[in-house]
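Participant:
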Amino acid sequence: MHLTTAAAGAAAGLLAGPWVRAAVFRLSVPPDAPQRTACPRCGSTLRSATACRCPSCHERVAMHCGVTEIASAAVLGALGYAVARPELVAFAWLAVLCVALATIDLIVYRLPDRLTLPAYPVLAALLAGAALVNSEPGRFLRALLAGAALAGGYLVLALIRPGHLGLGDVKLAGPLGMALGWAGWQSVLLATVLSFVLCGLLGAVLLAVRRAGPRTALPLGPFMVYATFVVLLVTPGQ
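Under mature numbering (1 follows the signal peptide of the UniProt record, and there is no 0), read the sequence shown as residues -22 to -1, 1 to 216, first letter to last.
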């Protein structure tokens, strides 16, 4: 069963890859800029943002073809192997969204509201369905409480240290907290600590090799995403 769901997850990831690439292309822009819809070289309007190259000048306009497909397939395949329960649909949907968000954050240091805000109602609905199938309303309530608690905690940190933590990180913390809360409060705590530890370790390495300075900012979103799914893969069914 695990191998079957893993294969199905990997196949779903391959199918979701073009959507991820399109989202990264459109939304990897400064906060106040409109979505990108044209080739950055020749200005031709692109009919499909899933294309890797502009059909007019053949300039590469998005990530290399296959990158987002492989990344999505790997994450969804791993989830399919580790989480053979009804919440797999919710986790897989969130994973695809987070592949796009983490990539955008690495490129332009922002987590667009267009992706983070819809995650709240969609993920809540998917987890509610899983709770109904599993007859586990307590887990659903815990997920909602964990999402609110984690987003609230990140908001406090953002207010205490403005400039070090963005509101995009705060908005992303909610859906991630919901998924982690479904697994358990221990998972929420572990993933939160792990995200900051990983970010700090990378910062220390970059300082040591003189690729960054003391004031160099690092995007926290990718570390939040990575820590969340590592924890969910290790403790999916608490």
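All C-beta atoms, glycine included, are put in the ideal place defined by N, C-alpha and C.
Name the residue from Leu84, Gly(-6) and Gly191 whose alpha carbon lies nearest to the alpha carbon of Val203.
Facilitator: The residue you call residue 203 lines up with position 225 of the sequence shown. It is Leu84.
Participant: Considering only DSSP beta bridges, list what Ala16 is partnered with.
Facilitator: What you label residue 16 is simply residue 38 of the sequence shown in a count that begins at 1. Ala16 pairs with Thr23.
Participant: Pick from Leu154, Ala121, Gly(-14) and Gly159: whose alpha carbon is nearest that of Val67?
Facilitator: The residue you call residue 67 lines up with position 89 of the sequence shown. Considering only alpha carbons, the answer is Gly(-14).
Participant: Just grab the DSSP bridge partners of Arg31 for me.
Facilitator: Sequence index remark: in the sequence shown, residue 31 carries index 53 (1-based). Its beta-bridge partners are Arg38.
Participant: Report yes if the C-beta of Cys32 is less than 7 Å from at least one heavy atom of the ligand ATP; otherwise report no.
Facilitator: Absence of the ligand ATP is noted for the structure shown, with no ligands found whatsoever.
Participant: Round the Cβ separation of Val(-3) and Cys17 to the nearest angstrom and send it over; I've been treating them as touching at under 8 Å.
Facilitator: Numbered from its first residue, the sequence shown carries residue -3 at position 20. Numbered from its first residue, the sequence shown carries residue 17 at position 39. Not a contact, Cβ separation roughly 19 Å.
Participant: Of the choices Arg193, Phe3, Leu128 and Val61, whose alpha-carbon is the least far from that of Gly141?
Facilitator: On the sequence shown, residue 141 is found 163 positions in, with the first residue counted as 1. Nearest C-alpha to Gly141: Arg193.
Participant: Return the Cβ separation of Lys149 and Leu89 in integer angstroms, given the expectation that the two are a contact with Cβ distance under 8 Å.
Facilitator: Indexing the sequence shown from 1 puts residue 149 at position 171. Indexing the sequence shown from 1 puts residue 89 at position 111. With 8 Å as the limit, Lys149 and Leu89 qualify as a contact, their Cβ atoms being about 7 Å apart.
Participant: I'd like the list of long-range same chain contacts for residue 218, defined as Cβ closer than 8 Å, with 5 residues on each side in sequence excluded.
Facilitator: Any question about residue 218 goes unanswered here, given that the chain covers just -22 to 216.
Participant: Rounded to the nearest angstrom, what separates Trp163 and Arg120 at their Cα positions?
Facilitator: Counting from 1 along the sequence shown, the entry for residue 163 is found at position 185. Counting from 1 along the sequence shown, the entry for residue 120 is found at position 142. So the alpha carbons of these two residues sit roughly 8 Å apart.
Participant: Please look up how many angstroms separate the CB atoms of Val212 and Ile82, rounded, as I've assumed it's under 8 Å.
Facilitator: Against the sequence shown, residue 212 aligns to sequence position 234. Against the sequence shown, residue 82 aligns to sequence position 104. Contact doesn't hold; Cβ gap of about 26 Å is too wide.
Participant: Helix, strand or coil: which one does DSSP assign to Leu140?
Facilitator: Numbered from 1 along the sequence shown, position 162 holds the residue referred to as residue 140. Contrary to the premise, residue 140 reads as Pro rather than Leu in this sequence. Note: Pro140 maps to strand in three-state DSSP.
Participant: In three-state terms, what does DSSP make of Thr206?
Facilitator: For the purposes of this step, residue 206 is taken as the residue at position 228 of the sequence shown. Helix.
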